[in-house]
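Peer 1: Shown below is the structure under consideration.
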Amino acid sequence: MVSGTSTPQSEPVDDFVWLEEIKGEVAVEWAVQQSKQTRREFAESDRFEQIRSDVFDCLNATTQIPMVVKRGPHFYNFWQDEKNPRGLLRRTSFESYRSDTPEWETVLDVDALGAAENVPWVYHGIQALAPDFQRGLVHLSPDGGDASSVREFDLTTLSFVEDGFNLPTAKSRLTWIDKDRLLVATDFGPDSMTTSGYPRIAKIWQRGTPLEEAQTQFSAEPTDMSVMVFHDDTRGFERSFVGRVIDFYHREVFLLDNDNGLLQIDLPQDARFSTWREWLLISLSSDWHVAGQTYPTGALLVTDFKAFMAGERQFKTLFCPAETTTLDNYSMTRDYLILSIMDDVVNRLEVLKPEGGLWTRQGLGDAPELSKISASGIDDETNEFFMTVTGFLQPTSLYYGVLGDEQTSSEIIKQAPSHFDAEHYQVAQHFVTSDDGTRVPYFMISAKDIELDGSNPTLLYGYGGFQISLDPYYLGVTGPAWLERGGVMVIANIRGGGEYGPRWHQAALKDKRLRAYEDFSSVAKDLIARKITSPAHLAAQGGSNGGLLVGNMLTRYPELFGAIVCEVPLLDMQRYTRISAGASWIAEYGDPQKPEEWAFIQAFSPYQNIDPLKTYPPVLFTTATSDDRVGPGHARKMAAKMQQLGIENVYFYENTEGGHSAAADKAQNAFKRAMVSEFLWKYLAEK
2 MVSGTSTPQS EPVDDFVWLE EIKGEVAVEW AVQQSKQTRR EFAESDRFEQ
52 IRSDVFDCLN ATTQIPMVVK RGPHFYNFWQ DEKNPRGLLR RTSFESYRSD
102 TPEWETVLDV DALGAAENVP WVYHGIQALA PDFQRGLVHL SPDGGDASSV
152 REFDLTTLSF VEDGFNLPTA KSRLTWIDKD RLLVATDFGP DSMTTSGYPR
202 IAKIWQRGTP LEEAQTQFSA EPTDMSVMVF HDDTRGFERS FVGRVIDFYH
252 REVFLLDNDN GLLQIDLPQD ARFSTWREWL LISLSSDWHV AGQTYPTGAL
302 LVTDFKAFMA GERQFKTLFC PAETTTLDNY SMTRDYLILS IMDDVVNRLE
352 VLKPEGGLWT RQGLGDAPEL SKISASGIDD ETNEFFMTVT GFLQPTSLYY
402 GVLGDEQTSS EIIKQAPSHF DAEHYQVAQH FVTSDDGTRV PYFMISAKDI
452 ELDGSNPTLL YGYGGFQISL DPYYLGVTGP AWLERGGVMV IANIRGGGEY
502 GPRWHQAALK DKRLRAYEDF SSVAKDLIAR KITSPAHLAA QGGSNGGLLV
552 GNMLTRYPEL FGAIVCEVPL LDMQRYTRIS AGASWIAEYG DPQKPEEWAF
602 IQAFSPYQNI DPLKTYPPVL FTTATSDDRV GPGHARKMAA KMQQLGIENV
652 YFYENTEGGH SAAADKAQNA FKRAMVSEFL WKYLAEK
């Protein structure tokens, strides 16, 4: 155990540090043996196979909506199914797409490429070159991790470009400037990466020249998170940017000006911005005092980009938050700005247009109660948009529309399939008071005829970090794997997330981290008090930062839960900055190398807080060997330590592929989901 006065300078001996070696022979063998035992326990029954098959069928449904992006005259989609587990990049015309049976042209067959090259490639996207979109940069990961190789692809001949731009596997950042130049940040060799493991040097790479001759444009500090590169390719408003990502929430950005070199975008370091035609859009994460005015945290401002760069500081406020509202996101068409505004975690859409120095405003679309509506411009040369409507019990509907001055029209063009009969279930939103008096919302999905006797198997899911919101989504897979088995699903909107904007996130940063865990445990207590469930029938599940969340439920509130599912987690917060990309999250958690910060970090470091004298609920840790973001070491070490201490019902499963998602294709995803469902059912329902 780590005492209250322990510091990184006096770290106790870690018996399991060898498990941090991602591909170490002994560590991998330990993970293999543990995974085999977990498979035998939860993944070899007829019932498991039925659930796995049902989930796999849901994921592979041919009637699911093939979401598309427009690039030139084509609409591109990435598609995975049973015949194409690693996927097809394909395209079609809009008229064909809106039909019931689109005619697709295969652009890249990832399975065929993997077979030909004997590498199990995982597709990570394509960057197409505007305005003609005849070339693209294809990102391919050899194992599903964040590190990808990049190859230039000809979108007319549908083949890789011989002697084209080509980068080996790395955590690269790059963007087109024009057909013959890239802004590229990659592993250039010694001293070219930050302590977080990301590139820190941005260069312009000219076609036909070796990467070694690329010209340096900007260098971030070694202790920064990374360098950034970005190019706005809007026709007539082309601009290139470079900058420092100092940490997860602070950055310094510069315009690459052909005549004047680097020109700083003079904004608060924690503000985010985007350019839209002649406009500069600014999202504030803290109050900004400028030119005699104060603009509040969470506001969205707009000004003329050229005037701003010339020193003018006059802004219009397009959105200002209230007690329960926040700006979720925004999107652009040629002439309109679409805002998604959340009010108590349920959103609405507004459309704005600049006219004669003013910004007109109108609503867009309707959605059922407690559901999600979103819209985005199809491209920057038209006012066409796609809009989706979905809910926990409502499959996604896809609409196509055109924004207009007199009338906005839209029509439904695609409907996702139902994977379970929603008629028997209900959605409700509840609010609970956390330990410090804060009002915390949560969603509950249950059978309409639920009996309030405390016996319902209930799965409580949360995240609570990095200003990420958990808003309504269709429970297509959760339906057959959990709801139809009699389970209750609960999603907690705790602090640390973005449900109420930057203030909700900042309320659980660093030394305030425990507020997130108090919120989550308060939801658990409320479910028990309302007799929805009881500790013996209540489970907590979370992944990544959510894995740290449920790790703290395990160590701080074990009496509230009958089972814990801890996926791709952070758990050893004393060493997290030295594992994979952990150093990039110091702005979220704090720096354990500083004694004054370790003093509060140790309170939420599950690995250090396991107590052999406590009774813990059964726990399943899942991870992936190829997770080069969090790393599998956290989950490995936690499981090994608990087992060494004689704690019972500690299970571990490690997939080899899939990176931070821990699944490289839908078959692996279905297997993992079914295994988790079986684990939960054994410990929550079979009592």
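Those letters in the sequence shown? Residues 2 to 688, by this note's numbering. The beta-carbon is built from N, C-alpha and C at its ideal position, and this holds for glycine as well.
Check whether the Cβ atoms of residue 107 and residue 130 sit closer than 8 Å, and answer yes or no.
Peer 2: no
Peer 1: Check the DSSP bridge columns for residue 179 and list the partner residues they point to.
Peer 2: In the DSSP assignment, residue 179 forms a beta bridge with 182.
Peer 1: Go ahead and label residue 14 buried or exposed: buried means 16 or more other beta carbons lie within 10 angstroms of its beta carbon, across all protein chains shown.
Peer 2: Residue burial is scored here from C-beta neighbours: residue 14 has fewer than 16 other C-beta atoms within 10 angstroms and is therefore classed as exposed.
Peer 1: Between which two residues does the beta strand (DSSP E) harbouring residue 422 extend?
Peer 2: It is not in any beta strand (DSSP E) - residue 422 carries neither H nor E in the DSSP assignment.
Peer 1: Would you list the residues sitting across from residue 443 in a DSSP beta bridge?
Peer 2: 431 and 493
Peer 1: Within a Cβ cutoff of 6 Å, which residues of the same chain sit near residue 584, ignoring the five residues on either side of it in sequence?
Peer 2: 196, 197 and 578
Peer 1: Pairs of beta-carbons, one from the region 654–667 and one from the region 601–611, closer than 8 Å: are there three or more?
Peer 2: no
Peer 1: Using 8 Å as the cut-off, can you tell me whether the region 361–372 makes contact with the region 208–226, which would need three or more C-beta pairs spanning the two stretches below that distance?
Peer 2: no
Peer 1: From which residue to which residue does the alpha helix (DSSP H) around residue 259 run?
Peer 2: First-last for residue 259: undefined, no H or E at that position.
Peer 1: DSSP on residue 532, reduced to helix/strand/coil?
Peer 2: coil
Peer 1: Using a threshold of 8 Å, state whether the C-beta atoms of residue 475 and residue 397 are closer than that.
Peer 2: Yes, these two residues count as a Cβ contact at 8 Å.
Peer 1: Helix, strand or coil: which one does DSSP assign to residue 1?
Peer 2: No statement about residue 1 is possible, as the shown extent of the chain runs from 2 to 688 and does not include it.
Peer 1: Quick one: using the 10 Å Cβ neighbour count with 16 as the cut-off for buried, is residue 425 buried or exposed?
Peer 2: exposed
Peer 1: For residue 163, tell me which candidate among 379, 144, 136 and 143 has the shortest Cα-Cα distance.
Peer 2: 136
Peer 1: With three or more beta-carbon pairs closer than 8 Å as the criterion, would you say the region 558–572 touches the region 468–488?
Peer 2: no
Peer 1: Do you know offhand how far residue 2's Cα is from residue 507's?
Peer 2: The pLDDT assigned to residue 2 is 30, lower than 50, so where the model puts this residue is not dependable, and the model offers no usable value.
Peer 1: Using a 10 Å radius around the Cβ and a threshold of 16 neighbouring Cβ atoms, would you call residue 373 buried or exposed?
Peer 2: buried
Peer 1: What are the complete beta strand (DSSP E) segments, minimum 3 residues, inside the region 109–192?
Peer 2: 123–129, 136–142, 149–155, 167–171, 174–179 and 182–186
Peer 1: In the DSSP assignment, the beta strand (DSSP E) including residue 216 goes from what residue to what residue?
Peer 2: 216–220
Peer 1: If we count Cβ pairs, one from each stretch, closer than 8 Å, do we get three or more for the region 496–504 versus the region 444–461?
Peer 2: no
Peer 1: Look up residue 526 in the DSSP assignment and give the residues it is bridged to.
Peer 2: When beta bridges are read from the DSSP output, residue 526 appears opposite no residue.
Peer 1: My understanding is that residue 438 touches residue 468, with C-beta atoms under 8 Å, so please give their C-beta distance in whole angstroms.
Peer 2: With a Cβ gap of about 22 Å, residue 438 and residue 468 do not count as contacting.
Peer 1: DSSP three-state call for residue 51: helix, strand or coil?
Peer 2: In the three-state scheme derived from DSSP, where H, G and I count as helix and E and B as strand, residue 51 is classed as helix.
Peer 1: Can you tell me whether residue 601 is helix, strand or coil according to DSSP?
Peer 2: helix
Peer 1: Is the beta carbon of residue 271 less than 8 Å from the beta carbon of residue 296?
Peer 2: no
Peer 1: So what does DSSP say about residue 682, is it helix, strand or coil?
Peer 2: helix
Peer 1: By DSSP, does residue 588 sit in helix, in strand, or in coil?
Peer 2: helix
Peer 1: Can you list, in chain order, the stretches of the beta strand (DSSP E) that have 3 or more residues and sit fully within the region 452–513?
Peer 2: 459–462 and 489–493
Peer 1: Would you call residue 54 buried or exposed, if buried means 16 or more other Cβ atoms sit within 10 Å of its Cβ?
Peer 2: Per the 10 Å Cβ criterion, exposed.
Peer 1: Given this structure, state the Cα-to-Cα distance separating residue 300 from residue 282, to the nearest angstrom.
Peer 2: Between the alpha carbons of residue 300 and residue 282 lies a gap of roughly 10 Å.
Peer 1: Closest by CA to residue 519, which one among 532, 544, 551 and 538?
Peer 2: 551
Peer 1: Can you give the Cα-Cα distance for residue 255 and residue 318, rounded to whole angstroms?
Peer 2: 24 Å
Peer 1: In the DSSP assignment, find the beta strand (DSSP E) that holds residue 333 and state where it starts and stops.
Peer 2: 326–333
Peer 1: Pull up the DSSP beta-bridge partners for residue 296, would you.
Peer 2: 289
Peer 1: Quick one: Cα of residue 345 to Cα of residue 434, how far?
Peer 2: 15 Å
Peer 1: Under the assumption that residue 384 contacts residue 305 (Cβ atoms under 8 Å), give the Cβ distance between them as a whole number of angstroms.
Peer 2: Their Cβ separation, rounded to whole angstroms, is 21 Å, which puts residue 384 and residue 305 out of contact at 8 Å.
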